[in-house]
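Numbering (the UniProt record's numbering), first residue to last: 1 to 219.
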């Protein structure tokens with residue numbers, strides 16, 4: 001008679017099974033990567049240092065990530081979700097006045113990046129220098145914000161697409177201007193007051209809103 005053995009993944013340690021412990025280790029590495037990449041930069045942070053920050057051996061690093069770039073992509077996704085969640089929450093708190101929506105969302109974007117400079121370094125600086133794959137991921141992330149802006153524009157001004165205007169191009173321009181201004185702000189160590197940055201960022205949105213209102217009224 002043979003006795004079946006419990007698979008390693010089924011054993012529990014401190015109340016966690018194997019898969020839960022692996023997820024926990026992965027989260028520890030992402031948090032350590034956020035600290036290392038966000039503080040020193042991707043090109044100065046090594047796997048050994050990240051494992052030391054996570055208090056894990058390198059064996060556990062390769063359990064979850066093929067290499068340092070794979071970890072950076074996971075950290076990048078974590079950073080993007082942090083910023084996106086803050087912006088969406090700000091949109092939910094604001095009223096339906098389009099200028100208030102724009103101001104609230106941009107303020108949240110600026111505050112989130114200023115208050116945690118690690119995010120701005122990862123999203124706006126290192127993401128452009130790691131690899132072509134990371135660069136493509138950065139483009140997709142920027143496009144996702146443009147898609148969000150585009151959906152808001154269409155919901156508020158449903159007549160605009162009939163004006164022979166490309167809403168996606170408008171949204172791309174608005175998001176691109178904001179990202180460039182914030183990148184410049186981050187490069188200079190966030191030396192300008194937030195209110196000044198907000199006022200300059202919303203200029204582009206105010207101009208677009210004024211034009212949208214004019215076209216809608218004339219239609």
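Even glycine gets a Cβ: it sits at the ideal position worked out from N, Cα and C.
Remember, it's a predicted structure, so these values are computed and weren't measured experimentally.
How far does the alpha helix (DSSP H) with residue i in it reach, from first residue to last?
i	result
residue 32	18–40
residue 117	117–120
residue 53	47–54
residue 196	194–218
residue 244	Because the chain is modelled from 1 through 219, residue 244 falls outside the range shown and cannot be assessed.
residue 184	167–187
residue 61	58–64
residue 78	68–93
Could you check if residue i is buried or exposed, using at least 16 other CB atoms within 10 Å of its CB as the buried criterion?
i	result
residue 37	buried
residue 29	buried
residue 72	buried
residue 39	exposed
residue 178	buried
residue 155	exposed
residue 180	exposed
residue 187	exposed
residue 212	buried
residue 233	Nothing about residue 233 can be read from this structure; the chain reaches only from 1 to 219.
residue 66	exposed
Cα-Cα, which of the options is closest to residue i?
i	options	result
residue 175	62, 156 and 204	204
residue 125	70, 43, 200 and 177	43
residue 196	182, 209 and 207	182
residue 70	117, 148, 121 and 132	132
residue 87	152, 186 and 68	152
residue 173	163, 202 and 157	202
residue 209	186, 157 and 193	157
residue 146	134, 170, 75 and 137	170
residue 217	185, 162 and 68	162
residue 141	185, 150 and 84	84
residue 76	17, 143, 166 and 134	134
residue 116	106, 190, 103 and 67	190
residue 74	19, 137 and 192	137
residue 102	159, 148, 166 and 144	148
residue 227	143, 27 and 78	Beyond the ends of the chain as shown, which are 1 and 219, falls residue 227; an answer cannot be given.
residue 34	19, 21, 20 and 51	51
residue 130	45, 18 and 17	45
Check the C-beta distance from residue i over to residue j and give it rounded, since I have them as a contact under 8 angstroms.
i	j	result
residue 60	residue 23	Not confirmed; about 12 angstroms, so no contact.
residue 53	residue 32	4 angstroms
residue 108	residue 90	4 angstroms
residue 80	residue 123	7 angstroms
residue 99	residue 164	Wrong, their Cβ atoms sit about 25 angstroms apart, outside the cutoff.
residue 110	residue 198	6 angstroms
residue 41	residue 118	That pair is no contact at about 10 angstroms.
residue 150	residue 168	5 angstroms
residue 48	residue 58	7 angstroms
Nearer than 7 angstroms: is that true of the beta carbon of residue i relative to any heavy atom of the ligand ADP?
i	result
residue 60	Looking for the ligand ADP in the displayed structure turns up nothing, as the structure carries no ligands at all.
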